[in-house]
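A.B. asks:
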Amino acid sequence: MSIAIIAPGRNTVELVEHIHNMDPGIEVSVYPNHKLDASIAIVWNQPEGLLTEFKNLELVSSLGAGVEHICREELAEQIKVSRIVDPDLSNSMVKYINLVVLHYQKNFQLYLDNNKINQWKPFEKPERELKIGILGAGEMGQEVAISLYNLEFEVLTYSNTKKEITGVQSYSSSDLTISDFVSGVNCLICLLPLTPKTENILNFGLFQSLPKSSILINVARGGHLVEEDLFKAIESGYISDACLDVFREEPLSASHPFWNHENILITPHIASITNQKNAAAIVLENFKRLKNNQSLLFEVDRQKGY
Ligand code: OXD
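Counted the way our numbering counts, the sequence shown spans residues 1 to 306.
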């Protein structure tokens, strides 16, 4: 068995080192010098169709939590798909979301702006009262909900299946519609997997259900957001601020109108970053399980797309 890593644009030197340290006997090849006889592929934004060229593929593992880049490929049915679920990945997301939510609660942009003009102006604006709605309550969504609750925010989650999270009101799509859900929050965080059902879910119709001057934070995928609808929602007052970490086209082109929009904060897909040592350990464990015909860690239901 050998492993091929296909993650153009990502530095995977550390990942290869960790795999070799953990299992010196394993052969690892890296795109564009990947070996097509590999039985495991670790992928991130792989060139479309490339996976179908592998002849002995048994497992495709995402290098992150998301798997939409794998699920859209036409893979033979027997090929298994897995992803990285890791406390470090969730912690990284928790810190990012806490930072962004507190930034908005405390009107931090005002002080950043006042810094630039040497202005000492305390208490210019009251703290914002935020009621937070999280779309998607998987591992990350639940961790984020707990941490925001611990920061004393009122937190609600919305997901396919209802979750039990202490202190957090959890709703499922059979309890209420997504529009009713968002009408009760003024800070909406998207942590959904990208599937045909959730693509374009952040659209003007949904934004119109938000109370005026709401905040949008998208850390899931660019494909969730209808970009022109965000401008419309800002212009019509439904959204006052948006923080975006993910985009339809990454890297975001320098001429994209999101840049320099005073109500939009951009980060370059850094909200949560895979710990390569943990990723190597998960893939090698699955490598062993595959050989022993055991069920895999964090296997993905390819029909559901997560
Ligand atoms: C992921 C990501 O899916 O970083 O892990 O976006």
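Each residue gets a CB set at the ideal place from its N, CA and C atoms; glycine is no exception. Since the structure is predicted, the reported quantities are computational estimates derived from the model, not experimental observations.
Indicate whether ARG289 and VAL81 have their beta-carbon atoms separated by less than 7 angstroms.
C.D. replies: Contact: no.
A.B. asks: Using CA atoms only, rank isn't needed, just tell me which of LEU265, HIS224, PRO32 is closest to GLU249.
C.D. replies: For the residues LEU265, HIS224, PRO32, the minimum Cα distance to GLU249 belongs to HIS224.
A.B. asks: I need the boundaries of the beta strand (DSSP E) containing TYR158, first residue and last residue.
C.D. replies: 154-159 is the extent of the beta strand (DSSP E) around TYR158.
A.B. asks: Please state if the CB of CYS243 and the CB of ILE270 are separated by a distance shorter than 7 angstroms.
C.D. replies: Taking 7 angstroms as the Cβ cut-off, ILE270 and CYS243 do not qualify as a contacting pair.
A.B. asks: Would you say the beta carbon of THR136 is closer than 6 angstroms to some non-hydrogen atom of the ligand OXD?
C.D. replies: Before going further, note that residue 136 is Gly rather than Thr in the sequence given. No, the ligand OXD has no heavy atom inside 6 angstroms of this Cβ.
A.B. asks: Start and end of the beta strand (DSSP E) containing GLY133?
C.D. replies: Here the beta strand (DSSP E) through GLY133 covers 131-135.
A.B. asks: Looking at the ligand OXD, does it come within less than 6 angstroms of GLY66, judged from the CB to the closest heavy atom?
C.D. replies: For the ligand OXD, at least one heavy atom lies less than 6 angstroms from the Cβ of GLY66.
A.B. asks: Let's test the definition: count the other Cβ atoms within 10 Å of the Cβ of ASP86 and tell me whether it reaches 16, buried, or not, exposed.
C.D. replies: Label assigned to ASP86: buried.
A.B. asks: Terminal residues of the continuous alpha helix (DSSP H) containing TYR238?
C.D. replies: From DSSP, TYR238 is part of no alpha helix (DSSP H); its letter is neither H nor E.
A.B. asks: Name, in chain order, the residues that DSSP records as bridge partners for CYS71.
C.D. replies: None; CYS71 has no bridge partner.
A.B. asks: Could you check the C-alpha separation between LYS35 and SER61 for me, to the nearest Å?
C.D. replies: Cα to Cα, the separation comes out at about 16 angstroms.
A.B. asks: Please classify SER147: is it buried, with 16 or more other beta-carbons within 10 angstroms of its beta-carbon, or exposed?
C.D. replies: It is buried - the Cβ of SER147 has at least 16 other Cβ atoms within 10 Å.
A.B. asks: In the DSSP output, which residue or residues are listed as bridge partners for VAL28?
C.D. replies: DSSP lists ILE3 as partners of VAL28.
A.B. asks: Taking Cβ positions, are LEU284 and MET22 nearer each other than 7 angstroms?
C.D. replies: Yes.
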